[in-house]
Amino acid sequence: MATKGQPVYNVYPLTNYTFGNKQPKLEKDTSVQERLARLRSSYEQHGMRRSVEAVLVVQEHNTPHVLLLQLGLNHFKLPGGRLRPGEEEVEGLRRKLTNTLAPANPSLHITWDVGEVLGVFYRPNFDTVFYPYVPPHITRPKESRKLFVVQLPERCVFAVPKNMRLVAVPLFDLHDNLPRYGPVITALPAVLSRLRLNLQFVLPAAPPHGHGGQQQQQQGQHGQQDGHFPP
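Here it is as C-alpha coordinates:
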(Lines of atoms letter the chains of each structure in order from A and count residues from 1; the text may use other names and numbers.)
(Lines give C-alpha, C1' and ligand atoms only; values in the text may rest on other atoms or scores of the structure.)
Protein backbone atom coordinates (compact mmCIF):
# COMPACT_ATOMS: atom_id res chain seq x y z
CA MET A 1 0.00 0.00 0.00
CA ALA A 2 1.29 3.46 -0.89
CA THR A 3 1.96 5.81 1.99
CA LYS A 4 0.40 9.26 2.07
CA GLY A 5 1.97 11.50 -0.52
CA GLN A 6 3.65 8.61 -2.33
CA PRO A 7 2.77 8.74 -6.05
CA VAL A 8 1.75 5.46 -7.69
CA TYR A 9 3.03 4.45 -11.13
CA ASN A 10 1.94 1.37 -13.02
CA VAL A 11 4.81 -0.67 -14.43
CA TYR A 12 3.93 -3.00 -17.31
CA PRO A 13 5.79 -6.08 -18.59
CA LEU A 14 8.55 -5.55 -21.12
CA THR A 15 6.86 -8.10 -23.38
CA ASN A 16 3.88 -5.74 -23.76
CA TYR A 17 5.96 -3.43 -25.95
CA THR A 18 6.96 -3.69 -29.60
CA PHE A 19 10.44 -2.60 -30.65
CA GLY A 20 11.60 -1.66 -34.13
CA ASN A 21 14.27 0.45 -35.77
CA LYS A 22 14.52 3.71 -37.68
CA GLN A 23 17.21 5.85 -39.26
CA PRO A 24 20.36 6.40 -37.19
CA LYS A 25 20.49 9.41 -34.90
CA LEU A 26 24.06 10.60 -35.11
CA GLU A 27 25.75 12.16 -32.12
CA LYS A 28 26.88 15.76 -32.60
CA ASP A 29 30.21 15.06 -30.89
CA THR A 30 32.66 12.23 -31.45
CA SER A 31 34.60 12.69 -28.20
CA VAL A 32 34.23 14.03 -24.67
CA GLN A 33 36.52 16.92 -25.57
CA GLU A 34 34.26 17.97 -28.46
CA ARG A 35 31.19 17.71 -26.24
CA LEU A 36 32.73 19.94 -23.56
CA ALA A 37 33.92 22.44 -26.17
CA ARG A 38 30.38 22.69 -27.55
CA LEU A 39 29.03 23.11 -24.01
CA ARG A 40 31.43 25.99 -23.41
CA SER A 41 30.41 27.68 -26.66
CA SER A 42 26.71 27.26 -25.85
CA TYR A 43 27.23 28.60 -22.32
CA GLU A 44 28.91 31.74 -23.66
CA GLN A 45 25.90 32.39 -25.92
CA HIS A 46 22.92 31.25 -23.84
CA GLY A 47 24.09 30.69 -20.27
CA MET A 48 23.44 27.48 -18.34
CA ARG A 49 22.36 24.56 -20.48
CA ARG A 50 19.04 22.98 -19.44
CA SER A 51 18.63 19.27 -20.11
CA VAL A 52 15.64 17.03 -19.43
CA GLU A 53 15.66 13.23 -19.31
CA ALA A 54 12.98 10.55 -19.04
CA VAL A 55 12.93 7.62 -16.65
CA LEU A 56 10.90 4.87 -18.36
CA VAL A 57 10.22 1.87 -16.12
CA VAL A 58 9.10 -1.61 -17.18
CA GLN A 59 9.04 -4.91 -15.32
CA GLU A 60 10.71 -8.18 -16.21
CA HIS A 61 11.13 -11.25 -14.00
CA ASN A 62 8.94 -9.48 -11.40
CA THR A 63 11.40 -6.64 -10.82
CA PRO A 64 11.56 -3.06 -12.14
CA HIS A 65 13.89 -2.26 -15.04
CA VAL A 66 14.81 1.15 -16.49
CA LEU A 67 15.01 1.64 -20.26
CA LEU A 68 18.39 3.08 -21.29
CA LEU A 69 19.82 3.98 -24.67
CA GLN A 70 23.11 2.22 -25.32
CA LEU A 71 25.66 3.56 -27.80
CA GLY A 72 28.59 1.27 -28.46
CA LEU A 73 29.69 -1.05 -25.69
CA ASN A 74 29.95 1.21 -22.67
CA HIS A 75 27.94 4.41 -23.19
CA PHE A 76 24.49 4.45 -21.58
CA LYS A 77 22.12 7.39 -21.31
CA LEU A 78 18.52 8.20 -20.48
CA PRO A 79 16.25 9.33 -23.33
CA GLY A 80 16.05 13.11 -23.50
CA GLY A 81 18.49 15.91 -24.09
CA ARG A 82 19.12 19.63 -24.31
CA LEU A 83 16.25 22.13 -24.33
CA ARG A 84 16.09 24.97 -26.79
CA PRO A 85 16.47 28.49 -25.34
CA GLY A 86 13.18 29.40 -23.64
CA GLU A 87 11.60 25.97 -24.27
CA GLU A 88 9.19 24.63 -21.64
CA GLU A 89 10.52 21.53 -19.88
CA VAL A 90 7.66 19.05 -20.33
CA GLU A 91 7.03 19.95 -23.96
CA GLY A 92 10.76 19.82 -24.63
CA LEU A 93 11.01 16.35 -23.11
CA ARG A 94 8.06 15.15 -25.20
CA ARG A 95 9.77 16.50 -28.32
CA LYS A 96 12.97 14.67 -27.44
CA LEU A 97 11.16 11.39 -26.74
CA THR A 98 9.25 11.57 -30.02
CA ASN A 99 12.42 12.31 -31.98
CA THR A 100 14.31 9.44 -30.38
CA LEU A 101 11.76 6.69 -29.70
CA ALA A 102 8.60 7.29 -31.75
CA PRO A 103 7.95 5.39 -35.01
CA ALA A 104 7.88 7.24 -38.32
CA ASN A 105 4.16 6.46 -38.67
CA PRO A 106 2.28 9.25 -36.80
CA SER A 107 -0.65 6.91 -36.13
CA LEU A 108 1.62 4.92 -33.80
CA HIS A 109 2.69 7.93 -31.75
CA ILE A 110 1.63 8.23 -28.11
CA THR A 111 1.22 11.26 -25.88
CA TRP A 112 4.10 11.03 -23.43
CA ASP A 113 2.66 11.17 -19.89
CA VAL A 114 5.39 13.17 -18.14
CA GLY A 115 5.03 12.97 -14.37
CA GLU A 116 7.02 13.64 -11.20
CA VAL A 117 10.41 15.31 -11.09
CA LEU A 118 12.72 12.69 -9.59
CA GLY A 119 15.80 14.84 -9.20
CA VAL A 120 18.02 17.58 -10.59
CA PHE A 121 21.75 17.23 -11.16
CA TYR A 122 24.19 20.08 -11.81
CA ARG A 123 27.44 20.34 -13.75
CA PRO A 124 29.50 22.99 -11.88
CA ASN A 125 32.34 23.23 -14.39
CA PHE A 126 33.25 22.38 -17.96
CA ASP A 127 33.95 18.74 -17.14
CA THR A 128 32.00 15.49 -16.74
CA VAL A 129 31.25 15.77 -13.00
CA PHE A 130 27.62 16.15 -11.82
CA TYR A 131 26.21 16.68 -8.31
CA PRO A 132 22.63 16.41 -7.01
CA TYR A 133 23.06 19.94 -5.60
CA VAL A 134 24.92 23.14 -6.46
CA PRO A 135 28.26 23.17 -4.58
CA PRO A 136 28.52 26.18 -2.22
CA HIS A 137 31.40 27.80 -4.10
CA ILE A 138 29.57 27.64 -7.46
CA THR A 139 27.34 30.57 -8.44
CA ARG A 140 26.86 29.77 -12.12
CA PRO A 141 26.49 26.05 -12.93
CA LYS A 142 27.19 25.14 -16.52
CA GLU A 143 24.32 22.67 -16.92
CA SER A 144 21.27 21.34 -15.08
CA ARG A 145 19.83 17.88 -15.78
CA LYS A 146 16.25 17.36 -14.61
CA LEU A 147 14.89 13.81 -14.45
CA PHE A 148 11.18 13.11 -14.95
CA VAL A 149 9.41 9.79 -14.49
CA VAL A 150 7.21 9.05 -17.51
CA GLN A 151 4.17 6.80 -17.14
CA LEU A 152 4.23 4.40 -20.07
CA PRO A 153 0.93 3.15 -21.51
CA GLU A 154 0.05 -0.51 -21.17
CA ARG A 155 1.22 -1.10 -24.74
CA CYS A 156 3.00 0.97 -27.37
CA VAL A 157 5.51 0.80 -30.21
CA PHE A 158 9.08 2.06 -29.89
CA ALA A 159 11.35 2.81 -32.85
CA VAL A 160 15.02 2.96 -31.89
CA PRO A 161 17.70 4.61 -34.07
CA LYS A 162 19.78 1.91 -35.76
CA ASN A 163 23.01 3.08 -34.14
CA MET A 164 21.53 2.64 -30.65
CA ARG A 165 19.98 -0.11 -28.56
CA LEU A 166 17.16 0.31 -26.07
CA VAL A 167 18.06 -1.95 -23.15
CA ALA A 168 16.16 -2.79 -19.99
CA VAL A 169 18.45 -2.71 -16.96
CA PRO A 170 17.25 -3.89 -13.51
CA LEU A 171 17.53 -1.54 -10.56
CA PHE A 172 19.86 -3.92 -8.73
CA ASP A 173 22.35 -3.64 -11.61
CA LEU A 174 22.23 0.17 -11.55
CA HIS A 175 22.67 0.49 -7.79
CA ASP A 176 26.23 1.33 -6.74
CA ASN A 177 27.55 0.71 -10.27
CA LEU A 178 29.21 4.10 -10.80
CA PRO A 179 32.03 2.96 -13.13
CA ARG A 180 29.56 1.56 -15.68
CA TYR A 181 26.64 4.00 -15.55
CA GLY A 182 27.90 7.23 -13.99
CA PRO A 183 26.49 9.23 -11.05
CA VAL A 184 23.09 10.17 -12.51
CA ILE A 185 21.91 6.76 -13.73
CA THR A 186 23.39 5.05 -10.66
CA ALA A 187 21.18 7.28 -8.48
CA LEU A 188 17.95 6.03 -10.10
CA PRO A 189 17.18 3.23 -7.60
CA ALA A 190 17.32 5.78 -4.77
CA VAL A 191 15.20 8.47 -6.44
CA LEU A 192 12.65 5.92 -7.66
CA SER A 193 12.16 4.67 -4.09
CA ARG A 194 9.96 7.70 -3.37
CA LEU A 195 7.37 6.23 -5.75
CA ARG A 196 5.17 3.19 -5.38
CA LEU A 197 5.87 1.08 -8.46
CA ASN A 198 2.75 -0.98 -9.08
CA LEU A 199 4.01 -3.99 -11.05
CA GLN A 200 1.51 -5.36 -13.55
CA PHE A 201 1.68 -8.98 -14.66
CA VAL A 202 0.62 -10.94 -17.72
CA LEU A 203 -1.78 -13.76 -16.92
CA PRO A 204 -1.14 -16.86 -19.05
CA ALA A 205 -3.85 -17.55 -21.60
CA ALA A 206 -5.90 -20.70 -21.17
CA PRO A 207 -4.59 -23.49 -23.47
CA PRO A 208 -6.99 -23.90 -26.45
CA HIS A 209 -8.91 -27.20 -26.48
CA GLY A 210 -6.77 -28.64 -23.72
CA HIS A 211 -3.49 -28.32 -25.62
CA GLY A 212 -0.49 -26.45 -24.27
CA GLY A 213 -0.15 -22.96 -25.72
CA GLN A 214 3.03 -21.69 -27.20
CA GLN A 215 5.43 -20.19 -24.72
CA GLN A 216 5.64 -16.43 -25.00
CA GLN A 217 9.00 -15.11 -26.25
CA GLN A 218 10.69 -12.91 -23.69
CA GLN A 219 13.48 -10.42 -23.95
CA GLY A 220 16.74 -11.02 -22.10
CA GLN A 221 17.75 -8.89 -19.16
CA HIS A 222 19.94 -6.58 -21.24
CA GLY A 223 18.74 -7.44 -24.72
CA GLN A 224 16.24 -5.93 -27.12
CA GLN A 225 13.18 -7.82 -28.25
CA ASP A 226 12.84 -8.35 -31.99
CA GLY A 227 9.59 -6.82 -33.13
CA HIS A 228 7.78 -5.51 -36.15
CA PHE A 229 5.46 -2.58 -36.49
CA PRO A 230 1.79 -3.45 -36.87
CA PRO A 231 0.38 -2.71 -40.33
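In case it helps, the UniProt record's numbering puts the sequence shown at residues 1 to 231.
Glycine is no exception: its CB is placed at the ideal position from the N, C-alpha and C atoms.
{"query": "Can you give me the Cβ contacts of Ala-102 inside the same chain, cut-off strictly under 6 Å, excluding the 5 residues immediately before and after it?", "result": "His-109"}
{"query": "Taking 9 Å as the threshold (C-beta atoms), are Glu-116 and Ser-51 in contact?", "result": "no"}
{"query": "For Asp-113, which residues of its own chain have a beta-carbon under 7 Å away from its beta-carbon, when the five flanking residues on both sides are left out?", "result": "Val-150 and Gln-151"}
{"query": "To the nearest whole angstrom, what separates the beta carbons of Leu-118 and Val-191, a pair I think is in contact under 8 Å?", "result": "4 Å"}
{"query": "List the residues that DSSP assigns as beta-bridge partners of Asp-113.", "result": "Gln-151"}
{"query": "State the start and end residues of the unbroken beta strand (DSSP E) segment that holds Lys-67.", "result": "Contrary to the premise, residue 67 reads as Leu rather than Lys in this sequence. 63-71 is the span of the beta strand (DSSP E), which, as asked, contains Leu-67."}
{"query": "Is the CB-CB distance between Val-11 and Val-57 below 9 Å?", "result": "yes"}
{"query": "Give the C-beta separation of Gly-92 and Leu-78 to the nearest angstrom, bearing in mind that I take them to be a contact with Cβ-Cβ under 8 Å.", "result": "Rounded, the Cβ-Cβ distance is 14 Å, inconsistent with contact."}
{"query": "Go ahead and label Lys-4 buried or exposed: buried means 16 or more other beta carbons lie within 10 angstroms of its beta carbon, across all protein chains shown.", "result": "exposed"}
{"query": "For the beta strand (DSSP E) that Pro-36 lies in, which residues bound it at each end?", "result": "First, the residue type needs correcting, since residue 36 is Leu and not Pro in the sequence shown. Premise fails: Leu-36 lies in the alpha helix (DSSP H), 32-46, not in any beta strand (DSSP E)."}
{"query": "For Val-184, does the three-state DSSP call read helix, strand or coil?", "result": "helix"}
{"query": "What span of residues does the beta strand (DSSP E) with Phe-19 cover, start to end?", "result": "18-22"}
{"query": "Measure the alpha-carbon distance for Glu-60 versus Pro-161 and round it to whole angstroms.", "result": "23 Å"}
{"query": "Which value, in whole angstroms, describes the spacing of the CA atoms of Asp-127 and His-65?", "result": "29 Å"}
{"query": "In terms of DSSP beta bridges, what is Pro-13 paired with?", "result": "Gln-59"}
{"query": "Under the three-state reduction of DSSP, which class applies to Ser-193: helix, strand or coil?", "result": "coil"}
{"query": "Under 9 Å between the Cβ atoms of Leu-39 and Arg-145?", "result": "no"}
{"query": "Grab the span of the alpha helix (DSSP H) containing Leu-101 for me, first residue to last.", "result": "89-101"}
{"query": "From Pro-13 to Val-55, what does the alpha carbon distance come to, in whole angstroms?", "result": "16 Å"}
{"query": "Find the nearest neighbour of Ser-31 within the set Gly-72, Tyr-9 and Leu-67, judged by alpha-carbon distance.", "result": "Gly-72"}
{"query": "In the DSSP output, what is Thr-76 paired with across the bridge?", "result": "Correcting the residue identity first, residue 76 is Phe in this sequence and not Thr. Looking at the DSSP assignment, Phe-76 forms a beta bridge with Gln-70."}
{"query": "Given a cut-off of 9 Å, decide if Leu-197 and Ile-185 are closer than it, judged by their beta-carbon atoms.", "result": "no"}
{"query": "Secondary structure at Leu-83, three-state DSSP: helix, strand or coil?", "result": "coil"}
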